[in-house]
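A.B. asks: Sharing a structure here in structure tokens format.
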Amino acid sequence: MPNLNSPDGNSNRNSLQDPVMLNVGGEVYTTTLDTLTRCRDSMLGAMFTGQIPVLRDNEGNVFIDRDGKVFRYILNYLRSSALDLPNGFSELPLLRREADFFQIQPLLEDICRYEASVPLSLIGGPLGAMIVVNVDSKVRILHFNLRHGPENYELRTCSVQAFTVDLFCTWGAFLALLCERLSYRTSQGLTSPCPCNPTQNRLKLEWVPRPDELPLDQYDKQRYRGLVVSSPALTQSDDIMSMQRNLSDIVDMQGFVEELLKLSLAEGFKVDLVTPDPAEILNCTSLRLVKC
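The sequence shown begins at 240 in the numbering used here and counts up one residue at a time.
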């Protein structure tokens, strides 16, 4: 049964000596005061510099009533200042929760960077997750006036191709990743697509690439918007110019299917069904992928 030490901070600090034996939720660890106080602003730093009284169990170990399952990774991080996780580590949400509880800000920042750099499939995700995609395109004839002078207009006609994608995914994290990777290009700038209803895991994409013969002002007047995909290497620290250089326009449905396949296969999905012709996957009208 844990017993509370003396509330006197100095007495509490002086009672702690290397090595420090910790009982974290039933898991026993041996470490040093230098490791535990590496981040002075954290809760561990406050505990082991005497600012917060500590508890001890019946064996004399310092007792911390937290989940001890991932605490070893917190100790490793404090000791080496590096986030060293095994391949296939699936407890990242738990590690993030514990790092947040102990208020270890550098660890939280490194976890965010780790999440951004590692495919979702390597940090967990439900086996059997499914993506169902239906695609459609229609050619529309657009008539517009091209102005040559104050009272000089020329009636012109051009065709535009409107694309529609209806996508359903049972894995919400993948749907969020897809929305982060894609952007609409509008006259007001870039904007990210959003699921139709987050609780239903559905996403509808609609875009119209601008043909060369259609002036930009007429394109904007029709409230058309393009669809672009960002480079996987793009990070939040990149400046605006870098972001612009790392964007690629999706000008046809084959381009969209190709980007979807690259992203989904990297996250552990496998193609399960292609309609109408499995041999012509980039020209499909319907596609189903399953996470293995």
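The beta-carbon is built from N, C-alpha and C at its ideal position, and this holds for glycine as well.
As the structure is a computational prediction, the values presented were derived from the model and not from experiment.
1) What residue ranges within the stretch 335-385 form continuous beta strand (DSSP E) runs of no fewer than 3 residues, ordered along the chain?
2) Helix, strand or coil: how does DSSP classify Lys-195 here?
3) Using a 10 Å radius around the Cβ and a threshold of 16 neighbouring Cβ atoms, would you call Ala-355 buried or exposed?
4) Taking a contact to mean a Cβ-Cβ separation below 8 Å, would you say Arg-441 touches Cys-433 in this structure?
5) Please work out which residues of its chain come closer than 6 Å, Cβ to Cβ, to Met-282, disregarding the five sequence neighbours upstream and downstream, and give them in chain order.
6) Taking DSSP as the reference, what is the three-state secondary structure of Asp-451?
7) Cβ of Leu-385 within 8 Å of Cβ of Arg-395?
8) Near Val-371, what residues of its chain come up, given a Cβ to Cβ distance below 6 Å and the 5 sequence neighbours on each side ignored?
9) Can you tell which of Gly-364, Pro-517, Tyr-423, Gln-493 has the C-alpha that lies nearest to the C-alpha of Val-374?
10) Would Leu-417 pass as a contact of Lys-530 if the rule is Cβ separation under 8 Å?
11) Looking at the structure shown, is Ile-291 part of a helix, part of a strand, or coil, going by DSSP?
12) Rounded to the nearest angstrom, how far is the Cβ of Asp-304 from that of Gly-264, given a contact under 8 Å?
13) On the criterion of 16 or more Cβ atoms from any shown chain inside 10 Å, does Ile-380 qualify as buried, or is it exposed?
14) Answer with buried or exposed for Tyr-392, where buried requires no fewer than 16 other C-beta atoms within 10 angstroms of its C-beta.
15) In angstroms with no decimal places, state the Cα-to-Cα distance between Leu-255 and Pro-332.
16) Evaluate Val-267 with the Cβ neighbour count: other Cβ atoms within 10 Å of its Cβ, from every protein chain shown; 16 or more gives buried, anything less gives exposed.
17) Does the separation of the CB atoms of Met-260 and Val-301 fall below 8 Å?
18) Would you kindly work out how many angstroms separate the C-alpha atoms of Arg-277 and Asp-257, rounded to a whole number?
19) What number of angstroms, rounded off, separates the C-alpha of Ser-525 from the C-alpha of Thr-514?
20) Taking 8 Å as the cut-off, decide whether the C-beta atoms of Gln-457 and Phe-383 are in contact.
21) Apart from the five residues just before and just after Glu-506, which ones in its own chain have a Cβ nearer than 8 Å to its Cβ?
22) Going by DSSP in three states, Arg-424 sits in which element: helix, strand or coil?
23) Per DSSP, which one or two residues make a beta bridge with Lys-443?
24) Can we count Arg-527 as close to the ligand MN, meaning its CB is less than 7 Å from some heavy atom?
25) By the DSSP assignment, the beta strand (DSSP E) with Asp-488 in it spans what residues?
26) Under 8 Å by Cβ, that's how I've got Thr-274 and Leu-317 pegged, so tell me the actual separation to the nearest angstrom.
C.D. replies: Once the coordinates are examined:
1) none
2) Shown here, the chain extends from 240 to 531; a query on residue 195 therefore has no answer.
3) As a working note, residue 355 is residue 116 in the sequence shown. Ala-355 comes out exposed.
4) Taking the sequence shown and counting its residues from 1, one reaches residue 441 at position 202. Taking the sequence shown and counting its residues from 1, one reaches residue 433 at position 194. No, these two residues do not count as a Cβ contact at 8 Å.
5) For this step, residue 282 is matched to residue 43 along the sequence shown. Same-chain partners within the cutoff: Phe-341, Gln-342.
6) By 1-based counting over the sequence shown, the position of residue 451 is 212. Correct three-state label for Asp-451: coil.
7) Residue 385 sits at position 146 when you count from the first residue of the sequence shown. Residue 395 sits at position 156 when you count from the first residue of the sequence shown. Against a cut-off of 8 Å, the Cβ pair of Arg-395 and Leu-385 comes out as a contact.
8) In the sequence shown, counting from the first residue as 1, residue 371 sits at position 132. The answer, listed in chain order, is Phe-407, Arg-527.
9) Position 135 of the sequence shown, counted from the first residue, corresponds to residue 374. It is Gln-493 whose Cα lies nearest to the Cα of Val-374.
10) Taking the sequence shown and counting its residues from 1, one reaches residue 417 at position 178. Taking the sequence shown and counting its residues from 1, one reaches residue 530 at position 291. No, the Cβ-Cβ distance between Leu-417 and Lys-530 is not below 8 Å.
11) For this step, residue 291 is matched to residue 52 along the sequence shown. Three-state DSSP puts Ile-291 in coil, outside helix and strand.
12) Along the sequence shown, read from residue 1 onward, the residue named residue 304 stands at position 65. Along the sequence shown, read from residue 1 onward, the residue named residue 264 stands at position 25. About 7 Å; that satisfies the 8 Å criterion.
13) One-based indexing of the sequence shown puts residue 380 at position 141. Under this definition Ile-380 is an exposed residue.
14) As a working mapping, residue 392 is identified with position 153 in the sequence shown. By the 10 Å Cβ count, Tyr-392 comes out exposed.
15) Within the sequence shown, residue 255 is the residue found at index 16, counting from 1. Within the sequence shown, residue 332 is the residue found at index 93, counting from 1. Each residue's alpha carbon lies about 31 Å from the other.
16) For the purposes of this step, residue 267 is identified with residue 28 of the sequence shown, where counting begins at 1. It counts as exposed.
17) The residue you call residue 260 lines up with position 21 of the sequence shown. The residue you call residue 301 lines up with position 62 of the sequence shown. Contact: yes.
18) By one-based count along the sequence shown, residue 277 stands at place 38. By one-based count along the sequence shown, residue 257 stands at place 18. If I take the Cα positions, the gap works out to 14 Å.
19) Within the sequence shown, the letter at position 286 stands for residue 525. Within the sequence shown, the letter at position 275 stands for residue 514. Computed Cα separation, rounded: 5 Å.
20) Along the sequence shown, one-based indexing puts residue 457 at 218. Along the sequence shown, one-based indexing puts residue 383 at 144. Yes. Within cutoff.
21) For the purposes of this step, residue 506 is taken as residue 267 along the sequence shown, with counting starting at 1. Taken in chain order, the residues that qualify are Pro-358, Leu-359, Ser-360, Gly-364, Phe-413, Leu-416, Lys-530.
22) Here residue 424 refers to the residue found at position 185 of the sequence shown. Arg-424 falls in the strand class under three-state DSSP.
23) In the sequence shown, counting from the first residue as 1, residue 443 sits at position 204. Lys-443 pairs with Asp-405.
24) Looking for the ligand MN in the displayed structure turns up nothing, as the structure carries no ligands at all.
25) The sequence position of residue 488 within the sequence shown is 249, counting from 1. First-last of the beta strand (DSSP E) with Asp-488: 486-488.
26) For the purposes of this step, residue 274 is taken as the residue at position 35 of the sequence shown. For the purposes of this step, residue 317 is taken as the residue at position 78 of the sequence shown. Indeed they touch by this definition, with Cβ atoms about 5 Å apart.
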